[in-house]
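**Student:** Numbering (this note's numbering), first residue to last: 323 to 673.
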């Protein structure tokens, strides 16, 4: 039961060089239901242009990605790399830090319309840095990646757990309209190891391929040598596991964040259950939660959680699809609990 082929990117070739041009757009409608009156909104969630390529017998590699959605123009990725062997790749520039296989996924391949709350609180964000690894997680039985980065996130979308808990608004240095493009230097060391079934497709939790049991487990860690305690964890750790069998899959990620003195500051986790009953339909349930601990003594946000389910209709492979999800939302702020609900509908075109 193979999935229909996706829309292919535009490829430019000359001698031994190749450049692929990419486009992705997401149009999203959202209904929020809380104790206040319901609110319905529509927006262009993402509009991204990018390219990646390789040359010199595929040893030289590079990538560039921009978001050009109204009100969110950003430089996302700008990197170059050297791969003397297929299992050894050096990368320098602006890109995601190697913290969890889960965050290594593309937003285009998520089970629900967007990232869960725990991934946003703890997950890897893009930083300037240098990393060495063996490629995408799951390609081999054992996988690894290590890097040293500036410690300053280029965006305010991820690794926001401390800032959210303290009620601090983050800057967005990568914003092409208002960002400074300057990154304070306080080195952060990041690493990831994985083990599992060689050749496993880990780019999405969905099991489009089907077949016998395949599994991957991983551990990630990050340590900031001089963090700002109002917006950054001193250290983060994560354990994760992904299991796929006959078009069904289970994914789980657990997180721990450490505060200024090394004490536990927050814990969180995400659990996902998915099934692909037909090549054109994926169904999923996702639960995610973050709890702030005494290691963040001045926190105003105590807990945030969501439990949602939805489905994706793959109109043409994974590049043209329509997704619908609904979720229960729970937040505890300064001891006051608020419950709400959310429904999202999203159309996506990516090539």
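The C-beta atom is built at its ideal place from N, Cα and C for all residues, glycine as well. Remember, it's a predicted structure, so these values are computed and weren't measured experimentally.
So, is residue 520 buried or exposed, given that buried needs 16 or more other C-beta atoms within 10 angstroms?
**Tutor:** Residue 520 is exposed by the Cβ-count criterion.
**Student:** Take the Cβ of residue 587 as the centre, count every other Cβ of all protein chains shown within 10 Å, and call the residue buried at 16 or more, exposed below.
**Tutor:** Looking at its Cβ environment, which holds 16 or more other Cβ atoms inside 10 Å, residue 587 is buried.
**Student:** Assuming residue 451 contacts residue 480 under a Cβ cut-off of 8 Å, what Cβ separation, rounded to an integer in Å, is found between them?
**Tutor:** Residue 451 to residue 480, Cβ: 15 Å. No contact.
**Student:** Hey, would you say residue 515 sits closer than 9 Å to residue 578, going by beta carbons?
**Tutor:** Contact: no.
**Student:** In whole angstroms, what separates the C-alpha of residue 584 from that of residue 466?
**Tutor:** Approximately 25 Å, taken between the alpha carbons.
**Student:** For the candidate residues 434, 596, 419, whose alpha-carbon lies nearest to that of residue 398?
**Tutor:** Comparing Cα-Cα distances from residue 398 to each of 434, 596, 419, the minimum goes to 419.
**Student:** Spell out the partners DSSP gives residue 340 in its beta bridges.
**Tutor:** Answer is 335, 376, bridged to residue 340.
**Student:** Can you check the region 383-452 for any beta strand (DSSP E) of at least 3 residues that lies completely inside it and give the ranges in chain order?
**Tutor:** If we require 3 residues or more, the beta strand (DSSP E) runs fully inside the region 383-452 come out as 394-407, 410-418.
**Student:** Only counting runs of 3 or more residues, tell me where the beta strand (DSSP E) segments fall wholly within the region 475-556, in order along the chain.
**Tutor:** Here the runs fully enclosed are 510-518, 536-546.
**Student:** On the premise that residue 443 lies in contact with residue 483, defined as a C-beta separation below 8 Å, what is that separation, rounded to the nearest angstrom?
**Tutor:** The Cβ separation is near 4 Å, so the contact holds.
**Student:** Strictly by DSSP, which residues pair up with residue 600?
**Tutor:** Paired residue(s): 603.
**Student:** Does the region 628-643 come into contact with the region 543-563, if we say contact requires no fewer than three beta-carbon pairs (one atom in each stretch) closer than 8 Å?
**Tutor:** Contact between the region 628-643 and the region 543-563 is absent, because fewer than three Cβ pairs lie under 8 Å.
**Student:** In three-state DSSP terms, what is residue 627?
**Tutor:** In this structure, residue 627 counts as strand in the three-state DSSP scheme.
**Student:** From what residue to what residue does the beta strand (DSSP E) around residue 571 run?
**Tutor:** 570-580 is the extent of the beta strand (DSSP E) around residue 571.
**Student:** With DSSP as the reference, please indicate the residues paired to residue 350 in a beta bridge.
**Tutor:** According to DSSP, which records beta bridges pairwise, residue 350 is partnered with 365, 668.
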